[in-house]
Amino acid sequence: MLVSVVAGALWAMLPAYVPNNAAVLAGGGRPIDGGRTMGDRRLLGDGKTWRGTLVGTLAGVALALVANGVAGPVGDTVGVALPRFPLAAAVGLAAGAMAGDVAASFLKRRSGRERGAAFPGLDQLDFVVGALACAALLAGGWFATTFTPGRLLVVAVVTPALHVGTNVVAYWLGLKDEPW
Ligand code: CTP
Ligand code: MG
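Structural data, given as structure tokens:
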């Protein structure tokens with residue numbers, strides 16, 4: 040029971056977990072804000088680029104399609120019914136994860152934090168809130184049946200830990216400038 044809720048929740052979030060990491064690998068080039076400022080600070084900063092955002096979103100959607108292809112055999116092996124992703128849900132989760140991260144950078148700049156500064160809480164949950172909100176918007180019926188209260192609870196508890204863990208690893212590997 041617990042295993043099936045956890046497995047279902049993490050599987051349902053796969054298209055939202057990948058974009059941020061793909062953006063770290065692909066980032067660079069023109070910043071989304073084009074260097075524009077609001078007051079005396081950047082609108083978003085150099086850490087949010089078109090390339091990172093686009094590649095991140097495409098990576099999330101691609102992973103959803105791969106997940107759809109293997110959900111049957113994997114689910115049978117684990118003994119759990121795993122969720123599938125209609126395209127609208129995949130796009131919502133992936134683009135929403137990137138949008139949440141971008142929105143967080145906007146808030147970080149407004150609160151005086153320079154690029155790369157930590158904002159505990161926001162850093163770990165921005166992309167979750169963005170992903171869930173966009174998926175609910177683009178695929179409401181799918182969202183309601185897929186994200187049961189139990190799965191949402193698992194997502195809220197496990198995601199911050201996963202996020203901290205992957206960022207520490209990316210920092211160790213020299214892919215990221217800060218371990219958050
Ligand atoms: N990245 C990107 N585009 C995005 C998100 C991330 O290009 N939409 C890349 C950037 O190279 C960025 C790196 O991934 O520097 C790490 O992402 P993140 O920690 O989100 O950005 P920060 O550089 O820390 O900037 P911020 O303070 O705005 O979060
Ligand atoms: Mg950062």
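The numbering used here numbers the first residue of the sequence shown as 40 and each following residue consecutively.
All C-beta atoms in this analysis are idealised placements derived from N, C-alpha and C, irrespective of residue type, glycine included.
Residue nearest to ALA98 in terms of C-alpha spacing, selected from GLY84, LEU201, VAL130: The alpha carbon of ALA98 has as its nearest neighbour, out of GLY84, LEU201, VAL130, the alpha carbon of VAL130.
Which residue marks the beginning of the alpha helix (DSSP H) containing LYS87, and which one marks its end? No alpha helix (DSSP H) holds LYS87; DSSP gives it neither H nor E.
Given this structure, state the Cα-to-Cα distance separating ALA157 from ALA183, to the nearest angstrom. The alpha-carbon separation between ALA157 and ALA183 amounts to approximately 32 angstroms.
Indicate the three-state DSSP secondary structure (helix, strand or coil) for MET137 in the structure shown. The answer is helix: DSSP assigns MET137 an H, G or I state.
To the nearest angstrom, how far is the alpha carbon of PRO199 from that of GLY74? Cα-Cα distance, rounded: 30 angstroms.
Suppose you measure from the CA of ARG148 to the CA of ARG69; what does that come to, to the nearest Å? About 18 angstroms.
Compute the Euclidean distance between the alpha carbons of LEU192 and ALA101, then round it to the nearest angstrom. So the alpha carbons of these two residues sit roughly 26 angstroms apart.
What do you get for VAL207, buried or exposed, if any count of 16 or more other CB atoms within 10 angstroms of its CB means buried? Exposed, by the Cβ-count rule.
I'd like to confirm something about GLY180: is its beta-carbon nearer than 6 angstroms to some heavy atom of the ligand MG, or not? Checking every heavy atom of the ligand MG against the Cβ of GLY180, none is found closer than 6 angstroms.
Could you check if GLY204 belongs to the surroundings of the ligand MG, using beta carbon to heavy atom distance under 6 angstroms? Answer for GLY204: no, Cβ out of range of the ligand MG.
Completely contained alpha helix (DSSP H) runs for the segment 113-196, where each covers 4 or more residues: Listed in chain order, they are 126-149, 161-177, 179-185.
In or out: GLY160 buried (at least 16 other Cβ within 10 Å) or exposed? Classified as exposed, GLY160 has fewer than 16 neighbouring CB atoms from the shown chains inside 10 Å of its CB.
Cβ of GLY139 versus every heavy atom of the ligand MG: is any distance shorter than 6 angstroms? The ligand MG never approaches GLY139 closely enough for any of its heavy atoms to be under 6 angstroms from the residue's Cβ.
Taking TRP181 as the reference, give the member of VAL42, ARG123, MET137, VAL141 with the closest Cα. The shortest C-alpha separation from TRP181 is found at ARG123.
Pop quiz: ALA51 and PHE186 are said to be a contact at Cβ under 8 angstroms. What is the actual Cβ separation, rounded to whole angstroms? So it is a contact: roughly 7 angstroms between Cβ atoms.
Taking 6 angstroms as the cut-off, is the CB of GLY155 close to at least one heavy atom of the ligand FMN? The ligand FMN is not part of this structure, which contains only the ligand CTP and the ligand MG.
At which residues does the alpha helix (DSSP H) containing GLY47 begin and terminate? 41-65 is the span of the alpha helix (DSSP H), which, as asked, contains GLY47.
State buried or exposed for GLY91, treating a residue as buried only when at least 16 other CB atoms are found within 10 Å of its CB. GLY91 is buried by the Cβ-count criterion.
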